[in-house]
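Residue numbers (the numbering used here), protein chains in the order written: chain H, 21 to 121; chain E, 3 to 203.
Where is the CB? At the ideal position from N, CA and C, for every residue including glycine.
Since the structure is predicted, the reported quantities are computational estimates derived from the model, not experimental observations.
Comments concern the structure below.
Structure below.
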């Protein structure tokens, strides 16, 4: 009955199921210790990136059709800034760490 | 007569335009907030090994507790979505009810986070103990502060919907608060993926 009166609910529910799966997989992998630590880290990273995209699409309704171009531009701009600043910081600091050993 | 009709049409257009520019401004704020969190994540990643002979993440993190916090935020994201869908179809009362559920979930999350913090501080793992714990409390505390502000926002929106009803400005404000709330859930994905899960691996 509520499904009829609430257009758009399906999108939230789909996103919720996907988000639960993408959260449960890395938690289970860590709790059950099924993988080597390198493989587990890779699995955590992949699930996290997919889940961020799931949240952006299903909860924040970001997509290439309905989202204003300016909003999309600044989302991608922020992503590039984050990549440069976080990636650069980690690179410099790990390099420094190796030189100090 | 036709003059006042065109004037009200112009006003309606102006309101739509004003609300759209607020959505855009709020989006810019969220992007800058994302950059702040990203740099706190980078700080944490750099300092996470610097335990200064104090406890490490493996010693102080409780995976079941984190899973509980994660579940609360995720469920609160969908209850917020249901509230905004109800307001879209002009059902103010159910919208307020679902916002109330979202508020309770948010407050429950804050209680869990504060109990984690106070437990850690009681064990001697406070923010002054090591670089790792300083970065941990700064990152998680900043997120928790955002959730607290979001809870205040939900309370204000519940009042606005009850008093003003589902007018265009109220819907627009609820939409922006929803963006904020879902954004905090996205930050939490980063927190359990970068802070908690790798530490107990």
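query: Using a cut-off of 8 Å between C-beta atoms, extract the partners of residue 26 (chain E) located in chain H.; result: 88, 90, 91
query: With a threshold of 8 Å between beta-carbons, can residue 77 (chain H) be considered close to chain E, or not?; result: no
query: In chain E, which residues lie with their C-beta within 7 Å of the C-beta of residue 94 (chain H)?; result: 29, 30, 33
query: So which residues on chain E does residue 64 (chain H) lean against when the C-beta distance must stay under 9 Å?; result: 194, 195, 196, 199, 200, 203
query: Taking residue 181 (chain E) as the reference, which of E:202, E:156, E:196 has the closest Cα?; result: E:156
query: Under 8 Å Cβ-Cβ, which residues of chain H neighbour residue 184 (chain E)?; result: 75, 79, 80
query: Just to confirm before moving on: does the CB-CB distance between residue 46 (chain E) and residue 141 (chain E) stay below 8 Å?; result: yes
query: Just to confirm before moving on: does the CB-CB distance between residue 148 (chain E) and residue 193 (chain E) stay below 8 Å?; result: no
query: Return the first residue and the last residue of the alpha helix (DSSP H) that residue 97 (chain E) is part of.; result: 94 to 124
query: Nearest-angstrom Cα distance between residue 112 (chain E) and residue 92 (chain H)?; result: 32 Å
query: For the stretch 104 to 116 of chain H, enumerate the residues whose C-beta is nearer than 7 Å to any C-beta of chain E, in chain order.; result: 105, 106, 109, 110, 113
query: Would you mind reading off the limits of the alpha helix (DSSP H) that contains residue 53 (chain H)?; result: Element bounds for residue 53 (chain H): n/a, residue is neither H nor E.
query: What in chain E is Cβ-close to residue 5 (chain H), meaning under 9 Å?; result: The structure shown does not extend to residue 5 (chain H), since chain H spans only 21 to 121, so no value can be given for it.
query: So residue 81 (chain E) is in the alpha helix (DSSP H); what residue range does that whole segment cover?; result: 65 to 90
query: If we cut at 8 Å on Cβ distances, does residue 30 (chain H) have a partner in chain E?; result: no
query: So residue 32 (chain H) and residue 83 (chain E) are supposed to be a Cβ contact under 8 Å. How far apart are they, rounded?; result: 4 Å
query: Alpha carbon to alpha carbon, how far is residue 69 (chain H) from residue 39 (chain H)? Give it in angstroms, no decimals.; result: 11 Å
query: Taking 8 Å as the threshold (beta carbon to beta carbon), is residue 119 (chain E) in contact with chain H?; result: no
query: Got a sec? Which residues, its chain only, sit under 7 Å from residue 100 (chain E) by beta carbon, not counting five neighbours each side?; result: 81, 84, 85, 88
query: With a cut-off of 8 Å, does the C-beta of residue 45 (chain H) fall near any C-beta of chain E?; result: no
query: I need the DSSP call for residue 33 (chain H), collapsed to helix, strand or coil.; result: helix
query: In its own chain, which residues sit with a C-beta less than 8 Å from the C-beta of residue 77 (chain E), not counting the 5 before and 5 after it?; result: 107
query: Can you give me, in chain order, the residues of the stretch 151 to 169 of chain E that have a beta carbon less than 9 Å from any beta carbon in chain H?; result: none
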